[in-house]
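Residue numbers (the numbering used here), protein chains in the order written: chain A, 1 to 324; chain B, 325 to 648. The beta carbon of each residue, even a glycine, is placed where N, CA and C say it ideally should be. Small disclaimer: the values here were computed from a predicted structure and weren't measured. Read through the structure below, which is laid out as structure tokens, and then see the notes.
Protein chains: 2
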Amino acid sequence: MNITILGGGGFLGRKVAERLAASGELGGRPVTSLILFDLNAPAPLDAPFSVKCLGGDVADLPQAAIPEGTDVIFHLAAVVSAAAEADYDLGRRVNLRGTDSVVDACRHLKHPPRVVFTSSVASFAGGQDAHLADDARQMPGNSYGAQKAAAELILSDASRRGFLDAVNIRLPTICVRPGAPNKAASSFVSSILREPLLGLATTLPVPEDFAVWIASPAFATAWLLHAATLDSALLDGDCGINPPGISARVGDMLDAMERARPGTRSLVKAEPDAVVQAIVGTWPAAFAASRAPGLGFVRHGSLDELIAEFLLNDLEPTRRMRGM
Amino acid sequence: MNITILGGGGFLGRKVAERLAASGELGGRPVTSLILFDLNAPAPLDAPFSVKCLGGDVADLPQAAIPEGTDVIFHLAAVVSAAAEADYDLGRRVNLRGTDSVVDACRHLKHPPRVVFTSSVASFAGGQDAHLADDARQMPGNSYGAQKAAAELILSDASRRGFLDAVNIRLPTICVRPGAPNKAASSFVSSILREPLLGLATTLPVPEDFAVWIASPAFATAWLLHAATLDSALLDGDCGINPPGISARVGDMLDAMERARPGTRSLVKAEPDAVVQAIVGTWPAAFAASRAPGLGFVRHGSLDELIAEFLLNDLEPTRRMRGM
Numbered sequence: 001m002n003i004t005i006l007g008g009g010g011f012l013g014r015k016v017a018e019r020l021a022a023s024g025e026l027g028g029r030p031v032t033s034l035i036l037f038d039l040n041a042p043a044p045l046d047a048p049f050s051v052k053c054l055g056g057d058v059a060d061l062p063q064a065a066i067p068e069g070t071d072v073i074f075h076l077a078a079v080v081s082a083a084a085e086a087d088y089d090l091g092r093r094v095n096l097r098g099t100d101s102v103v104d105a106c107r108h109l110k111h112p113p114r115v116v117f118t119s120s121v122a123s124f125a126g127g128q129d130a131h132l133a134d135d136a137r138q139m140p141g142n143s144y145g146a147q148k149a150a151a152e153l154i155l156s157d158a159s160r161r162g163f164l165d166a167v168n169i170r171l172p173t174i175c176v177r178p179g180a181p182n183k184a185a186s187s188f189v190s191s192i193l194r195e196p197l198l199g200l201a202t203t204l205p206v207p208e209d210f211a212v213w214i215a216s217p218a219f220a221t222a223w224l225l226h227a228a229t230l231d232s233a234l235l236d237g238d239c240g241i242n243p244p245g246i247s248a249r250v251g252d253m254l255d256a257m258e259r260a261r262p263g264t265r266s267l268v269k270a271e272p273d274a275v276v277q278a279i280v281g282t283w284p285a286a287f288a289a290s291r292a293p294g295l296g297f298v299r300h301g302s303l304d305e306l307i308a309e310f311l312l313n314d315l316e317p318t319r320r321m322r323g324m
Numbered sequence: 325m326n327i328t329i330l331g332g333g334g335f336l337g338r339k340v341a342e343r344l345a346a347s348g349e350l351g352g353r354p355v356t357s358l359i360l361f362d363l364n365a366p367a368p369l370d371a372p373f374s375v376k377c378l379g380g381d382v383a384d385l386p387q388a389a390i391p392e393g394t395d396v397i398f399h400l401a402a403v404v405s406a407a408a409e410a411d412y413d414l415g416r417r418v419n420l421r422g423t424d425s426v427v428d429a430c431r432h433l434k435h436p437p438r439v440v441f442t443s444s445v446a447s448f449a450g451g452q453d454a455h456l457a458d459d460a461r462q463m464p465g466n467s468y469g470a471q472k473a474a475a476e477l478i479l480s481d482a483s484r485r486g487f488l489d490a491v492n493i494r495l496p497t498i499c500v501r502p503g504a505p506n507k508a509a510s511s512f513v514s515s516i517l518r519e520p521l522l523g524l525a526t527t528l529p530v531p532e533d534f535a536v537w538i539a540s541p542a543f544a545t546a547w548l549l550h551a552a553t554l555d556s557a558l559l560d561g562d563c564g565i566n567p568p569g570i571s572a573r574v575g576d577m578l579d580a581m582e583r584a585r586p587g588t589r590s591l592v593k594a595e596p597d598a599v600v601q602a603i604v605g606t607w608p609a610a611f612a613a614s615r616a617p618g619l620g621f622v623r624h625g626s627l628d629e630l631i632a633e634f635l636l637n638d639l640e641p642t643r644r645m646r647g648m
């Protein structure tokens with residue numbers, strides 16, 4: 001299998017690459033080469049197959065990023081929510097032109113490759129009362145979500161035409177994200193667990209009964225890898241997948257943390273933030289996700305498992321990253 | 325009111341322009357200037373206000389097409405279904421890049437203009453059993469529909485950001501189209517009425533109980549004009565409108581024609597065409613269109629009125645156009 005990861009320097013791209021390096025295979029077939037592409041060439045990766053790290057603009061993809069013989073493309077390159085809202089042109093360039101550029105690269109290949117595209121829960125609207133069906137309309141309330149939904153349409157059409165073979169995974173909010181808090185409205189979803197587990201105080205901008213649709217990095221990675229070799233005939237012309245995340249109330253997330261590390265819950269101080277609430281209040285709190293399990297996407301684990309995964313995989317790297 | 329019609333040389337663009345020229349007003353306010361823009365500069369138009377006819381590429385809009393002070397843009401410029409299917413790059417350029425270009429032109433204006441965008445029933449899937457709700461998901465089975473649905477997302481987001489103020493009208497199949505038959509799969513929907521009314525024989529590629537979602541040119545034009553001055557606050561963040569067309573069985577269309585001009589029905593010969601049936605069989609036969617009437621979009625008239633409208637407005641021009 002010849003694989004390219006666009007956005008291979010990002011947090012999820014790296015997780016996918018590391019999983020491939022650890023197993024040496026994808027869907028039971030050996031990996032022969034991996035190309036990691038990002039704005040800046042990603043750091044080298046130890047692997048039992050050839051790894052090339054390339055830097056460049058996804059909206060103007062060099063041929064070397066998707067060479068003849070590419071079997072699978074993970075298209076994770078994106079300008080994320082807060083950034084796409086702050087810089088409309090940049091978001092449009094990367095999230096839309098970048099996707100067109102992937103389509104064009106695929107049109108030059110002899111065999112249409114699988115394209116695993118990360119779309120997002122941000123492409124839907126709904127709020128706390130939502131329990132969205134698999135065929136719910138995408139009515140994004142932010143530029144990132146609009147660009148992701150438009151890119152899904154472009155990739156689905158390119159699939160129908162035989163240029164490529166797309167699977168569009170609408171990822172939930174990822175939690176616990178390693179690293180540091182950022183300015184995204186969703187930053188608190190990870191911060192309320194990560195910061196106390198690092199021994200740091202943090203604030204909760206929403207009520208404790210506020211529910212979020214989330215997935216851990218390991219489950220998100222497993223879904224992306226599964227999507228890479230799924231038989232697309234099973235999709236019956238609908239390449240958009242709402243994977244089986246979990247709908248969790250933040251109070252329950254804090255309780256799970258307290259069970260894992262007693263004393264951490266008291267580090268979280270309620271500090272209602274009307275601006276954050278106005279944004280995150282439009283996100284759908286739950287999806288039915290009834291189709292994905294039948295297609296082989298594993299069901300998400302419990303909140304306790306999500307906390308355990310962070311402690312096991314990402315706590316120490318986060319400490320190192322933050323010089324703690 | 326300063327108005328621009330992109331696609332002003334096309335069939336619907338011309339109808340809109342003629343209605344403006346006849347009334348001299350839009351939504352009760354006098355029209356002061358009209359710009360007709362198309363790939364080739366549209367033919368001049370007699371009007372009680374200034375009319376400029378410009379030629380150019382909608383994906384690379386000259387500033388003169390949407391100058392400072394523009395109040396309303398009718399964005400009808402498109403590469404239509406059969407053409408977008410035949411030439412992927414051309415469809416993408418006009419239908420997607422063209423829309424981005426409209427967004428960018430609007431961002432340079434002091435006041436966000438109303439943009440009336442013609443989207444299409446082709447952006448939905450469904451088939452003969454469909455009766456699509458206003459919030460149905462757009463799952464296009466053709467590149468034209470995919471590009472229209474993606475353009476809707478881009479315009480809705482640009483609206484939310486305040487660059488413009490969009491109303492996206494998903495037009496039904498227009499019937500009776502003046503002119504000549506063409507290679508579009510939908511061509512028969514007009515041909516089965518237009519050709520016999522011109523005294524010519526034609527064929528029916530689908531069964532008589534096959535239903536289509538249609539609108540006459542006059543109703544489509546009325547909806548576009550209404551959309552131009554509608555209070556967009558009433559849209560509540562959802563700028564996509566399924567206007568109240570009619571779902572008609574082709575047998576009933578032929579009966580209405582026979583009532584208007586006895587003897588015409590026998591000019592239509594059944595000639596089942598599996599290729600045409602495969603394409604048009606995926607089009608939704610009916611929409612609920614429950615929201616539009618409350619927003620002031622007039623309900624469509626009967627099939628008898630649709631036939632009468634063609635006889636009154638378009639039969640003679642079609643004869644002349646075809647040198648008959």
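Q | Cβ pair residue 396/B, residue 366/B closer than 8 Å | A | By one-based count along the second sequence, residue 396/B stands at place 72. By one-based count along the second sequence, residue 366/B stands at place 42. No, Cβ-Cβ distance for residue 396/B and residue 366/B is not below 8 Å.
Q: Would you be able to state if there are at least three C-beta pairs under 8 Å between the segment 100-110 of chain A and the segment 36-54 of chain A?
A: Because the criterion of three Cβ pairs below 8 Å is not met, the segment 36-54 of chain A and the segment 100-110 of chain A do not touch.
Q) Is residue 451/B helix, strand or coil by DSSP? A) Mapped onto the second sequence, residue 451/B falls at position 127. Residue 451/B carries a coil assignment under DSSP once its states are collapsed to helix, strand and coil.
Q. In angstroms, rounded to a whole number, what distance separates the CA positions of residue 450/B and residue 562/B?
A. Indexing the second sequence from 1 puts residue 450/B at position 126. Indexing the second sequence from 1 puts residue 562/B at position 238. Across the structure, residue 450/B and residue 562/B are spaced so that their CA atoms are roughly 21 Å apart.
Q. Do you know how far the Cα of residue 117/A is from the Cα of residue 611/B?
A. Along the second sequence, one-based indexing puts residue 611/B at 287. Along the first sequence, one-based indexing puts residue 117/A at 117. Each residue's Cα considered, the two are about 31 Å apart.
Q | Under 8 Å (Cβ pairs) to chain A, residues found in the segment 548-577 of chain B | A | From the segment 548-577 of chain B, only 561 and 562 have a Cβ closer than 8 Å to chain A.
Q) Do residue 402/B and residue 427/B have their CB atoms nearer than 8 Å? A) Along the second sequence, read from residue 1 onward, the residue named residue 402/B stands at position 78. Along the second sequence, read from residue 1 onward, the residue named residue 427/B stands at position 103. It is not a contact, given that the beta carbons lie outside the stated cut-off.
Q | Local conformation of residue 537/B per DSSP, three classes | A | Along the second sequence, one-based indexing puts residue 537/B at 213. Of the three classes helix, strand and coil, the one that applies to residue 537/B here is strand, per DSSP.
Q. DSSP state of residue 356/B, grouped into three classes?
A. Taking the second sequence and counting its residues from 1, the one referred to as residue 356/B is at position 32. In the structure shown, residue 356/B falls within a coil segment according to DSSP collapsed to helix, strand and coil.
Q. Does the distance from the C-beta atom of residue 515/B to that of residue 531/B stay below 8 Å?
A. If you number the second sequence from 1, residue 515/B lands on position 191. If you number the second sequence from 1, residue 531/B lands on position 207. For residue 515/B and residue 531/B, no; Cβs fall outside 8 Å.
Q: State yes or no: is the beta carbon of residue 390/B nearer than 8 Å to at least one beta carbon in chain A?
A: For this step, residue 390/B is matched to residue 66 along the second sequence. Taking 8 Å as the threshold, the shortest C-beta distance from residue 390/B to chain A does not fall below it.
Q.
Count Cβ pairs between the segment 60-69 of chain A and the segment 156-170 of chain A that sit closer than 8 Å; are there 3 or more?
A. Verdict: no, contact absent.
Q) Going along chain B, which residues have a C-beta under 9 Å from residue 156/A? A) To locate residue 156/A, count along the first sequence from 1; it is residue 156. Residues of chain B passing the Cβ test: 463, 464 and 470.
Q: For the alpha helix (DSSP H) holding residue 276/A, just list the boundary residues, first then last.
A: Counting from one through the first sequence, the residue named residue 276/A turns up at place 276. Start and end: 274-280.
Q: Quick one: grab the DSSP three-state call for residue 588/B.
A: Counting from 1 along the second sequence, the entry for residue 588/B is found at position 264. DSSP, read as helix, strand or coil, puts residue 588/B in coil.
Q: Starting from the Cα of residue 158/A, find the closest Cα among 443/B, 404/B, 382/B and 415/B and give me that residue.
A: Here the question's residue 158/A lines up with position 158 in the first sequence. Restricting attention to 443/B, 404/B, 382/B and 415/B, the CA atom closest to the CA of residue 158/A is found in 415/B.
Q: Could you have a look at residue 469/B and say whether DSSP puts it in helix, strand or coil?
A: For the purposes of this step, residue 469/B is taken as residue 145 along the second sequence, with counting starting at 1. Helix at residue 469/B.
Q: Note the first and the last residue of the continuous beta strand (DSSP E) segment covering residue 55/A.
A: In the first sequence, residue 55/A corresponds to position 55, counting from 1. First-last of the beta strand (DSSP E) with residue 55/A: 50-55.
Q) Quick one: Cα of residue 558/B to Cα of residue 543/B, how far? A) Residue numbering aside, residue 558/B sits at position 234 when the second sequence is read from its first letter. Residue numbering aside, residue 543/B sits at position 219 when the second sequence is read from its first letter. Near 21 Å, if we compare the C-alpha coordinates of residue 543/B and residue 558/B.
Q. Rounded C-beta distance between residue 464/B and residue 475/B? I'm assuming under 8 Å.
A. The count along the second sequence starts at 1 and reaches residue 464/B at position 140. The count along the second sequence starts at 1 and reaches residue 475/B at position 151. That pair is no contact at about 11 Å.
**Q.** Beta-carbon proximity list for residue 589/B, same chain, < 8 Å, skipping 5 on both sides
**A.** Your numbering for residue 589/B matches position 265 in the second sequence. So the qualifying residues of the chain are 520, 578, 579, 581 and 582.
Q) For residue 325/A, which residues of its own chain have a beta-carbon under 8 Å away from its beta-carbon, when the five flanking residues on both sides are left out? A) The requested residue 325/A is not part of the displayed model; chain A covers only 1 to 324.
Q. Expressed to the nearest angstrom, what Euclidean distance is found between the alpha-carbon atoms of residue 545/B and residue 371/B?
A. Locating residue 545/B in the second sequence gives position 221, counting from the first residue. Locating residue 371/B in the second sequence gives position 47, counting from the first residue. One C-alpha to the other measures close to 18 Å.
Q.
Between residue 171/A and chain B, is the shortest Cβ-Cβ distance under 8 Å, so that the two count as touching?
A. Residue mapping note: residue 171/A aligns to position 171 of the first sequence, counting from 1. Cβ-Cβ to chain B under 8 Å: no for residue 171/A.
Q: Report the neighbours of residue 135/A on chain B: residues whose CB is nearer than 9 Å to its CB, in chain order.
A: As a working mapping, residue 135/A is identified with position 135 in the first sequence. Simply 460, 461 and 463.
Q | Any chain A beta carbon closer than 8 Å to residue 343/B | A | Residue numbering aside, residue 343/B sits at position 19 when the second sequence is read from its first letter. By this cut-off, residue 343/B is not an interface position.
**Q.** Per-residue contacts from residue 161/A into chain B (C-beta, under 8 Å)
**A.** Here residue 161/A is taken as the residue at index 161 of the first sequence, counted from 1. The answer, in chain order, is 412 and 467.
Q.
Does any residue of chain A have a CB that is nearer than 8 Å to the CB of residue 473/B?
A. Here residue 473/B refers to the residue found at position 149 when the second sequence is read from its first residue. Against chain A, the CB of residue 473/B has a partner CB under 8 Å away; the residue lies at that interface.
Q.
I'd like to confirm the pairing. Which residues does DSSP put opposite residue 489/B in its beta bridges?
A. In the second sequence, the residue the question calls residue 489/B occupies position 165. Answer is 438/B, bridged to residue 489/B.
Q: Output the distance between the C-alpha atoms of residue 493/B and residue 39/A, rounded to the nearest integer angstrom.
A: For the purposes of this step, residue 493/B is taken as the residue at position 169 of the second sequence. For the purposes of this step, residue 39/A is taken as the residue at position 39 of the first sequence. Each residue's alpha carbon lies about 38 Å from the other.
Q. Just curious, the beta strand (DSSP E) that residue 249/A is in, first and last residue?
A. Within the first sequence, the letter at position 249 stands for residue 249/A. Start and end: 246-249.
Q | Backbone secondary structure at residue 527/B - three-state DSSP | A | Counting from one through the second sequence, the residue named residue 527/B turns up at place 203. DSSP, read as helix, strand or coil, puts residue 527/B in strand.
**Q.** Nearest-angstrom Cα separation, counted from residue 495/B out to residue 624/B
**A.** Indexing the second sequence from 1 puts residue 624/B at position 300. Indexing the second sequence from 1 puts residue 495/B at position 171. Looking at the two C-alpha atoms, the distance is approximately 12 Å.
**Q.** For residue 593/B, the residue or residues it bridges with in DSSP
**A.** Here residue 593/B is taken as the residue at index 269 of the second sequence, counted from 1. Its beta-bridge partners are 527/B.
Q. Are the segment 589-600 of chain B and the segment 633-640 of chain B touching by the rule of at least three beta carbon pairs closer than 8 Å?
A. As far as the Cβ criterion goes, the segment 589-600 of chain B does not touch the segment 633-640 of chain B, which means the pair count is below three.
Q.
Distance check for residue 179/A and residue 210/A, CA to CA, integer angstroms please.
A. Counted from its first residue, the first sequence places residue 210/A at position 210. Counted from its first residue, the first sequence places residue 179/A at position 179. Going from the Cα of residue 210/A to the Cα of residue 179/A covers about 24 Å.
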